[in-house]
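Student: Residues 41 to 228, numbered by my numbering, are exactly what the sequence shown covers, in order. Cβ atoms here follow ideal geometry from the backbone N, Cα and C, with glycine treated the same way.
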Amino acid sequence: MSATIELIGAKEQLSLALAGSTNDDWLARDYDVEAPVYLFVYPSHTSTDPRRSRWSITWPVGGLTKATMTAWRHIHADAYDNEAGLETDPPRYVYGGAITKTAGPGTLLAKRFLLATMSLPMRRKIEELAAETPVTLVEGAYPEDDLEDGQGWIKELLDRMVAFGAISSQARNHAIQQADAGTRLYVC
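(1) One question on the structure: do Leu303 and Ala219 come within less than 8 Å of each other, judged by their Cβ atoms?
(2) Could you check where the beta strand (DSSP E) with Ile207 kicks off and where it finishes?
(3) Check whether the Cβ atoms of Trp95 and Tyr133 sit closer than 8 Å, and answer yes or no.
(4) Determine contact between the segment 100-117 and the segment 201-214, defined as no fewer than three beta-carbon pairs at a distance below 8 Å.
(5) For Glu184, does the count of other Cβ atoms within 10 angstroms reach 16, so buried, or fall short, so exposed?
(6) As a quick exercise: from Met109, Thr140 and Asp72, pick the residue whose alpha carbon is nearest that of Ile97.
(7) In whole angstroms, what separates the C-alpha of Val77 from that of Ala156?
(8) Just the C-alpha distance for Val175 and Tyr135, rounded to the nearest angstrom, thanks.
(9) Quick one: give me the first and last residue of the beta strand (DSSP E) that Thr147 is part of.
(10) Expressed to the nearest angstrom, what Euclidean distance is found between the alpha-carbon atoms of Asp199 and Gly137?
(11) Given Arg69, which residues of its chain have a CB within under 7 Å of its CB, disregarding the five upstream and five downstream residues?
(12) Tell me Arg113's beta-bridge partners as DSSP assigns them.
(13) Out of Ala111, His116, Gln217 and Ala143, which has the shortest C-alpha to C-alpha gap to Leu197?
(14) Is Val73 helix, strand or coil by DSSP?
(15) Do Tyr71 and Leu160 count as a contact pair if the criterion is CB distance below 8 Å?
(16) Determine the direct distance from the alpha carbon of Ser93 to that of Arg152, and round the result to whole angstroms.
(17) Under 8 Å between the Cβ atoms of Arg163 and Trp112?
(18) Could you tell me how far apart the beta carbons of Thr147 and Thr110 are, in whole angstroms, since I believe they sit closer than 8 Å?
(19) Could you check how far apart the C-beta atoms of Lys195 and Ile216 are, in whole angstroms? I think they sit under 8 Å.
(20) With DSSP collapsed to three states, give me the class of Thr173.
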């Protein structure tokens, strides 16, 4: 059974992302140091289906060394909530900009797949690429994905990161393969 999904055009999405972006430096600054960038796969609370796991591009922030980095910068598509605070049916996905959060239970339980170690300018470029990536299933790119959980959008962002030279195609393919294999029967 596949869900119908409402999609947002690239221009509308970019406007939402730029309008919704906030400066999270008050929580944990993203310093100009090399930092590992990961594909995070969060466990599903309700299913053993790997397509129900949430994915994000994430890196540690908040310190000048890896040991002092106390928070995480996250990029992911979110299911849009209506005025009543409920997810829409069918789901509508949006990207509202990268967010910085301290490590909560979800972050601690997430499986991490290293993509590369990057400089601050490259991490900022990833944020720009995310803002330019339409929240839509790319026709034929990943036909097994129905975008129910935003995985298709992350895969498209990973493709754009490869095209820009931020990560290798081998790193992308390995992370996706490991994420797909590593999420089977992964329920918290």
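Tutor: So, from the listed chains and residues:
(1) A question about residue 303 goes unanswered here, because the residues of the chain that appear run from 41 up to 228.
(2) Translated into positions along the sequence shown, residue 207 becomes position 167. No beta strand (DSSP E) contains Ile207, which DSSP labels as neither H nor E.
(3) Position 55 of the sequence shown, counted from the first residue, corresponds to residue 95. Position 93 of the sequence shown, counted from the first residue, corresponds to residue 133. Taking 8 Å as the cut-off, the beta carbon of Trp95 is found no closer than this to the beta carbon of Tyr133.
(4) Touching, no, given that fewer than three Cβ pairs across the two stretches are closer than 8 Å.
(5) One-based indexing of the sequence shown puts residue 184 at position 144. A caution first: Glu184 carries a pLDDT of 49, below 50, which makes its placement in the model unreliable, though a value can still be read off. Burial call: exposed.
(6) Looking up residue 97 in the sequence shown gives position 57. Distance from the Cα of Ile97 is smallest, within the candidate group Met109, Thr140 and Asp72, for Thr140.
(7) Translated into positions along the sequence shown, residue 77 becomes position 37. Translated into positions along the sequence shown, residue 156 becomes position 116. One C-alpha to the other measures close to 6 Å.
(8) Here residue 175 refers to the residue found at position 135 when the sequence shown is read from its first residue. Here residue 135 refers to the residue found at position 95 when the sequence shown is read from its first residue. Those two C-alpha atoms are separated by around 7 Å.
(9) Position 107 of the sequence shown, counting from 1, holds the residue named residue 147. Where Thr147 is concerned, there is no enclosing beta strand (DSSP E), although the alpha helix (DSSP H) it sits in stretches over Pro145 to Leu149.
(10) As a first step, residue 199 is located in the sequence shown; it is residue number 159 there, counting from the start. As a first step, residue 137 is located in the sequence shown; it is residue number 97 there, counting from the start. Roughly 18 Å separates the two Cα atoms.
(11) Start at 1 with the first residue of the sequence shown, and residue 69 comes out as number 29. Once the five neighbours on either side are set aside, the close Cβ partners of Arg69 are Val101 and Gly102.
(12) Here the question's residue 113 lines up with position 73 in the sequence shown. Trp99 and Thr140.
(13) Residue 197 sits at position 157 when you count from the first residue of the sequence shown. Here the closest residue by C-alpha is His116.
(14) Position 33 of the sequence shown, counted from the start, is the residue given in the question as residue 73. The answer is coil: DSSP assigns Val73 none of H, G, I, E or B.
(15) As a first step, residue 160 is located in the sequence shown; it is residue number 120 there, counting from the start. As a first step, residue 71 is located in the sequence shown; it is residue number 31 there, counting from the start. Against a cut-off of 8 Å, the Cβ pair of Tyr71 and Leu160 comes out as a contact.
(16) The residue labelled residue 152 in the question sits at position 112 within the sequence shown. The residue labelled residue 93 in the question sits at position 53 within the sequence shown. C-alpha separation (whole angstroms): 13 Å.
(17) Within the sequence shown, the letter at position 123 stands for residue 163. Within the sequence shown, the letter at position 72 stands for residue 112. No, these two residues do not count as a Cβ contact at 8 Å.
(18) Stepping through the sequence shown from its first residue, residue 147 is reached at position 107. Stepping through the sequence shown from its first residue, residue 110 is reached at position 70. Between Thr110 and Thr147 the Cβ distance is about 12 Å, and since that is not below 8 Å, they are no contact.
(19) As a working note, residue 195 is residue 155 in the sequence shown. As a working note, residue 216 is residue 176 in the sequence shown. That pair is a contact at about 7 Å.
(20) One-based indexing of the sequence shown puts residue 173 at position 133. Three-state DSSP puts Thr173 in coil, outside helix and strand.
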